[in-house]
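> Pasting a structure here, questions to come.
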Amino acid sequence: MPQPIDRDEVRRLVDGGAQLVEVLPANEYEEDRLPGAINMSLRRLEEEARTALDRSRPIVVYCWDSA
Amino acid sequence: MDGKLDWLAAGLPSEGTNAERPRAGNVARKDVPTCRLDERLGDVRDRVREARWDACVVVNEERVVFGLLRSPELETNLDLGIEGAMRPGPSTFRPFVSIEEMAAFMIEHDLDSSPITTSDGRLVGLLRRQDAAKAALELHEKEHGSHGGRT
Chain A
1 MPQPIDRDEV RRLVDGGAQL VEVLPANEYE EDRLPGAINM SLRRLEEEAR
51 TALDRSRPIV VYCWDSA
Chain B
1001 MDGKLDWLAA GLPSEGTNAE RPRAGNVARK DVPTCRLDER LGDVRDRVRE
1051 ARWDACVVVN EERVVFGLLR SPELETNLDL GIEGAMRPGP STFRPFVSIE
1101 EMAAFMIEHD LDSSPITTSD GRLVGLLRRQ DAAKAALELH EKEHGSHGGR
1151 T
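If you read the protein sequences in the order shown, they are chains A and B.
Our numbering numbers the first residue of the first sequence as 1 and each following residue consecutively.
Our numbering numbers the first residue of the second sequence as 1001 and each following residue consecutively.
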């Protein structure tokens, strides 16, 4: 079940093995991303997530801001 | 989460092509003197001079920035409390802002120094115009080559 979290919680989850997914355009991902994040197109998120992500570990999805 | 903007604004590590380029947070001086609102200007000025600085950032116990004391403020009535002497609410900038952008802004607006803070308002350091301009120039020369040809 998706739930909003803050950056401290992100750090805690990542330290515990969570996967980070940035859904911004590839050029923005190439410029700046959270350490270890992978890039997925928002349009193809569901399709790509099935093969690229480990469902047994938490997944943190982020974009530019919370708006 | 609050997004990449919030992460970068907090000065947390990042990866990518921009990660190796100098930014406001990298170039800002972390050793800038700080003081509290309830101190006396004379005491703060002495401390700032001993540290060979000409500026001091006014913060609270959580390092949230309240104001700035530059040379003119440090030379006013030394019996004043800091609250009465400081420039309150200075413009602050986030650590991820590119050093070229910072240098251009500081030159255009004639800012000698600018506090760099996290999105929570906590002090990262004080960015001096000369440091920003030097870092921006070095970056430009590194990426585009120096404009030689002079004899």
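Think of the CB as a built atom: it goes at the ideal place given N, C-alpha and C, for glycine as much as any other residue.
1. Once you ignore the five residues that flank Leu1139 (chain B) on each side, which residues in its own chain have a CB closer than 8 Å to its CB?
2. On the CB-based measure, 16 or more other CB atoms within 10 Å of its CB, does Arg1045 (chain B) come out buried or exposed?
3. Could you list which residues in chain B have their beta carbon closer than 8 Å to that of Leu53 (chain A), in chain order?
4. Give the residues of chain A in contact with Glu1015 (chain B), contact being defined as C-beta atoms less than 9 Å apart.
5. Flag Asp6 (chain A) as yes if its beta-carbon sits less than 8 Å from any beta-carbon of chain B, otherwise no.
6. Using a Cβ-Cβ cutoff of less than 6 Å, which residues in the same chain neighbour Glu48 (chain A) once the five nearest sequence positions on both sides are dropped?
7. Skipping 5 residues on each side, what residues in its chain have a beta carbon closer than 6 Å to that of Arg1128 (chain B)?
8. Under a Cβ-count criterion, where at least 16 other Cβ atoms within 10 Å of its own Cβ denotes burial, should Thr51 (chain A) be classed as buried or exposed?
9. For chain B, is any of its Cβ atoms less than 8 Å away from the one on Asp65 (chain A)?
10. Per the DSSP calculation, Glu22 (chain A) is bridged to which residue(s)?
11. Hey, how far is the Cα of Tyr62 (chain A) from the Cα of Val1057 (chain B)?
Reading off the structure:
1. Counting from 1 along the second sequence, the entry for residue 1139 (chain B) is found at position 139. Scanning its chain for C-beta atoms nearer than 8 Å, with the 5 sequence neighbours on each side dropped, one finds around Leu1139 (chain B) the residues Arg1021, Pro1022, Ile1099, Glu1100, in chain order.
2. Looking up residue 1045 (chain B) in the second sequence gives position 45. Around the C-beta of Arg1045 (chain B), 16 or more other C-beta atoms lie within 10 Å, and the residue is accordingly described as buried.
3. Within the first sequence, the letter at position 53 stands for residue 53 (chain A). Within 8 Å Cβ-Cβ: nothing; Leu53 (chain A) doesn't reach chain B, min ~17 Å.
4. Here residue 1015 (chain B) corresponds to residue number 15 of the second sequence, with the count starting at 1. What Glu1015 (chain B) touches in chain A: Asp32, Arg33, Leu34, Pro35, Gly36, Ala37.
5. Locating residue 6 (chain A) in the first sequence gives position 6, counting from the first residue. Proximity of Asp6 (chain A) to chain B, defined by a Cβ-Cβ separation below 8 Å, is satisfied.
6. As a working note, residue 48 (chain A) is residue 48 in the first sequence. The residues are Met40.
7. Here residue 1128 (chain B) is taken as the residue at index 128 of the second sequence, counted from 1. Here the set comprises Ser1113.
8. Here residue 51 (chain A) corresponds to residue number 51 of the first sequence, with the count starting at 1. With fewer than 16 other beta carbons inside 10 angstroms of its own, Thr51 (chain A) counts as exposed.
9. Along the first sequence, read from residue 1 onward, the residue named residue 65 (chain A) stands at position 65. By this cut-off, Asp65 (chain A) is an interface position.
10. For the purposes of this step, residue 22 (chain A) is taken as residue 22 along the first sequence, with counting starting at 1. Beta-bridge pairing links Glu22 (chain A) to A:Asn39, A:Tyr62.
11. Taking the first sequence and counting its residues from 1, one reaches residue 62 (chain A) at position 62. Taking the second sequence and counting its residues from 1, one reaches residue 1057 (chain B) at position 57. Whole-angstrom Cα-Cα distance: 34 Å.
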